[in-house]
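Below: the structure, in structure tokens.
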Amino acid sequence: MRKQDLPEKICPVCERPFAWRKKWERDWEDVRYCSEKCRRNKLK
Numbered sequence: 001m002r003k004q005d006l007p008e009k010i011c012p013v014c015e016r017p018f019a020w021r022k023k024w025e026r027d028w029e030d031v032r033y034c035s036e037k038c039r040r041n042k043l044k
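Anchor point for the sequence shown: position 36 equals 36 in UniProt numbering, and the numbering is continuous, going up by one each time.
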């Protein structure tokens, strides 16, 4: 699979698109944030 063919989501904190990663393979449906920084800043 080519990098440009990977699924993407939009981070609700920074509003930037982020692509699927191997480490998210099992729980891609539950991934909401592009990074730990955005996850920690979700309430700010």
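Each residue gets a CB set at the ideal place from its N, CA and C atoms; glycine is no exception.
Note that this is a predicted model, so its numbers are computed, not measured.
Best match in the options for proximity to residue i [C-alpha to C-alpha]
i	options	result
L6	F18, R40 and R26	F18
E29	E8, K42, Q4 and E15	E8
L43	W24, P12 and K22	P12
Span of the alpha helix (DSSP H) around residue i
i	result
K9	It is not in any alpha helix (DSSP H) - K9 instead sits in the beta strand (DSSP E) that spans E8 to I10.
R40	E36 to R40
Contacts around residue i, its chain only, beta-carbon distance under 7 Å, and the 5 residues preceding and following it disregarded
i	result
C14	C34 and C38
Residues of its chain near residue i, where Cβ-Cβ distance is below 8 Å and the 5 sequence neighbours each way are ignored
i	result
W20	L6, P7, E8 and W28
Contact set for residue i: own chain, Cβ-Cβ below 6 Å, skip 5 residues either direction
i	result
I10	P17
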